[in-house]
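Colleague: The structure follows.
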Amino acid sequence: MIIVAGMIGGLGLVCMLSKRTILGLLIGMQLLILGSTMMFVIGGVASDRAIQVHIFGLFITLGGIAQLGVGYSLALRLFYLKKKISLDELRVLRQ
Amino acid sequence: MNYVFAILALVTATLATIAHDLKYSILSMWIAGLATGAIFLTVDAEFLGIVQWIVSTLVAISFVFFGVMFGDFESNEKKKGKANYLMVSCASVLGLSFSALLWLAMKDNARLEITTDTHAFEIKEVGKALVSTHILSLEVLAITLFLVLVGCGAIARIEKGDPK
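Chains A and B, in that order, give the protein sequences.
At position 54 of the first sequence the residue is numbered 53 (numbering that gives the first Met the number 0), and the sequence of numbers has no breaks.
At position 152 of the second sequence the residue is numbered 151 (numbering that gives the first Met the number 0), and the sequence of numbers has no breaks.
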């Protein structure tokens, strides 16, 4: 089961590196966080630390939501400035 | 049973990664989140499972909103050329290395076979631990989320000199 969590995290990394838009990047980030949460939960439950797993799994999930919020605001800023959310020509977020 | 959900999560995560259409990526990511929540349920982490279901659904809905707003549903990420294949190949190698690294780091620290009858506990213990032992972590998380809320507004607001 742990290898599955690692593979989901790895797929998230692949998604982050291969997608060309901010939304694709954020989808990869969510998969990466999903894999890390799953690895934390599986490893913790198997080690008889169920309460700590619940608490820190919750923290990881909420941290992921915070990152998603920042990603959305960056996408909004980029869309306002460039009228697109492609990352190919992105150098700065200020004109 | 958790192996069925694990295969489902793996397949949908792969689809989310390789899909060129944003709609399919979002749908696959949502199903991967639901399958992961189901895995949490099968290993006696019910609270996290339900939180994962709620978060995955809200994240998928927000992706749909932003995808529609940016007009990204109409675009297609398919690109031609050797550079794109090289990029995907390098990303795949990096992803596989990352997976192997995570597995190597974790395999000695936990038993791979999970038995669900040895660590039963009541969910109220989570709440008690959260407000007693881990209260500082909770405060740091709350302040972080508040700062993120303020920062998001600061990043996305229109500034002087911006194009109209």
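Glycine included, every Cβ here is placed at the ideal spot set by N, Cα and C.
All values reported here derive from a predicted model rather than from experimental measurement.
At a CB distance below 8 Å, what residues from the segment 40-53 of chain B approach chain A? Give them in sequence order.
Modeller: Listed by position along the chain: 42, 43, 44, 46, 47, 50 and 51.
Colleague: Just to confirm before moving on: does the CB-CB distance between residue 28 of chain A and residue 42 of chain A stay below 8 Å?
Modeller: By 1-based counting over the first sequence, the position of residue 28 of chain A is 29. By 1-based counting over the first sequence, the position of residue 42 of chain A is 43. No, Cβ-Cβ distance for residue 28 of chain A and residue 42 of chain A is not below 8 Å.
Colleague: Pull the bridge partners of residue 20 of chain A from the DSSP assignment, please.
Modeller: For the purposes of this step, residue 20 of chain A is taken as the residue at position 21 of the first sequence. DSSP, once it has assigned bridges, lists A/85 as partnering residue 20 of chain A.
Colleague: What are the boundary residues of the alpha helix (DSSP H) that includes residue 143 of chain B?
Modeller: Position 144 of the second sequence, counted from the first residue, corresponds to residue 143 of chain B. Looking at the DSSP string, the run of the alpha helix (DSSP H) that includes residue 143 of chain B is 134-155.
Colleague: So, do the segment 1-16 of chain B and the segment 55-71 of chain A have three or more beta carbon pairs nearer to each other than 8 Å?
Modeller: No, they do not touch.
Colleague: Please list, in chain order, the chain B residues whose beta carbon lies closer than 8 Å to that of residue 30 of chain A.
Modeller: As a working note, residue 30 of chain A is residue 31 in the first sequence. Residues of chain B passing the Cβ test: 12, 15, 16, 28 and 31.
Colleague: Closest Cβ-Cβ distance between residue 67 of chain A and chain B: below 8 Å?
Modeller: Stepping through the first sequence from its first residue, residue 67 of chain A is reached at position 68. True, the Cβ-Cβ gap to chain B drops below 8 Å.
Colleague: Give the secondary structure of residue 44 of chain B by DSSP, where H, G and I count as helix, E and B as strand, and everything else as coil.
Modeller: One-based indexing of the second sequence puts residue 44 of chain B at position 45. In the structure shown, residue 44 of chain B sits in coil (DSSP, three-state: anything other than H, G, I, E or B).
Colleague: Would you report the Cα separation of residue 16 of chain A and residue 45 of chain A, rounded to the nearest angstrom?
Modeller: Mapped onto the first sequence, residue 16 of chain A falls at position 17. Mapped onto the first sequence, residue 45 of chain A falls at position 46. Distance between the alpha carbons of residue 16 of chain A and residue 45 of chain A is about 32 Å.
Colleague: Can you pull the chain B neighbours of residue 24 of chain A, defined as C-beta to C-beta under 9 Å?
Modeller: If you number the first sequence from 1, residue 24 of chain A lands on position 25. Simply none; closest approach about 11 Å.
Colleague: Would DSSP call residue 53 of chain A helix, strand or coil?
Modeller: For the purposes of this step, residue 53 of chain A is taken as the residue at position 54 of the first sequence. In this structure, residue 53 of chain A counts as helix in the three-state DSSP scheme.
Colleague: In angstroms with no decimal places, state the Cα-to-Cα distance between residue 40 of chain A and residue 155 of chain B.
Modeller: Here residue 40 of chain A refers to the residue found at position 41 when the first sequence is read from its first residue. Here residue 155 of chain B refers to the residue found at position 156 when the second sequence is read from its first residue. Computed Cα separation, rounded: 34 Å.
Colleague: Would you say residue 7 of chain A and residue 9 of chain B are within 8 Å of each other, going by their C-beta atoms?
Modeller: Sequence index remark: in the first sequence, residue 7 of chain A carries index 8 (1-based). Sequence index remark: in the second sequence, residue 9 of chain B carries index 10 (1-based). Going by C-beta atoms, residue 7 of chain A is nearer than 8 Å to residue 9 of chain B.
Colleague: Starting from residue 17 of chain B and walking both ways along the alpha helix (DSSP H), at which residues does that stretch end?
Modeller: As a working note, residue 17 of chain B is residue 18 in the second sequence. Note, residue 17 of chain B: alpha helix (DSSP H), 1-17.
Colleague: Since residue 51 of chain B and residue 36 of chain B should fall inside the 8 Å C-beta cutoff, what is the C-beta to C-beta distance between them, to a whole number of angstroms?
Modeller: Here residue 51 of chain B is taken as the residue at index 52 of the second sequence, counted from 1. Here residue 36 of chain B is taken as the residue at index 37 of the second sequence, counted from 1. About 4 Å separates the two Cβ atoms, so the contact holds.
Colleague: Going by other Cβ atoms of all chains shown within 10 Å of its Cβ, with 16 needed for buried, is residue 96 of chain B buried or exposed?
Modeller: To locate residue 96 of chain B, count along the second sequence from 1; it is residue 97. Result: exposed.
Colleague: Exposed or buried, which one is residue 58 of chain A when buried takes at least 16 other CB atoms within 10 Å?
Modeller: Here residue 58 of chain A corresponds to residue number 59 of the first sequence, with the count starting at 1. Per the 10 Å Cβ criterion, buried.
Colleague: Closer than 8 Å, Cβ to any Cβ of chain A: which residues of the segment 131-154 of chain B, in chain order?
Modeller: Listed by position, the residues of the segment 131-154 of chain B near chain A (Cβ gap below 8 Å) are 133, 136, 140, 143, 144, 147, 148, 150, 151, 152 and 154.
Colleague: Any idea if residue 131 of chain B is buried or exposed, counting beta-carbon neighbours within 10 angstroms, 16 or more meaning buried?
Modeller: Stepping through the second sequence from its first residue, residue 131 of chain B is reached at position 132. Residue 131 of chain B should be labelled exposed.
Colleague: Below 8 Å between beta carbons: does that hold for residue 16 of chain B and residue 13 of chain A?
Modeller: The residue you call residue 16 of chain B lines up with position 17 of the second sequence. The residue you call residue 13 of chain A lines up with position 14 of the first sequence. Yes, Cβ-Cβ distance for residue 16 of chain B and residue 13 of chain A is below 8 Å.
Colleague: What is the C-beta distance between residue 75 of chain A and residue 62 of chain B, in whole angstroms, given that I count them as a contact (C-beta under 8 Å)?
Modeller: Reading the first sequence from its first residue, position 76 is the one you call residue 75 of chain A. Reading the second sequence from its first residue, position 63 is the one you call residue 62 of chain B. So it is not a contact: roughly 14 Å between Cβ atoms.
Colleague: Under 9 Å between beta-carbons, which chain A residues line up against residue 95 of chain B? List them in chain order, please.
Modeller: Counted from its first residue, the second sequence places residue 95 of chain B at position 96. Result: 6, 9 and 13.
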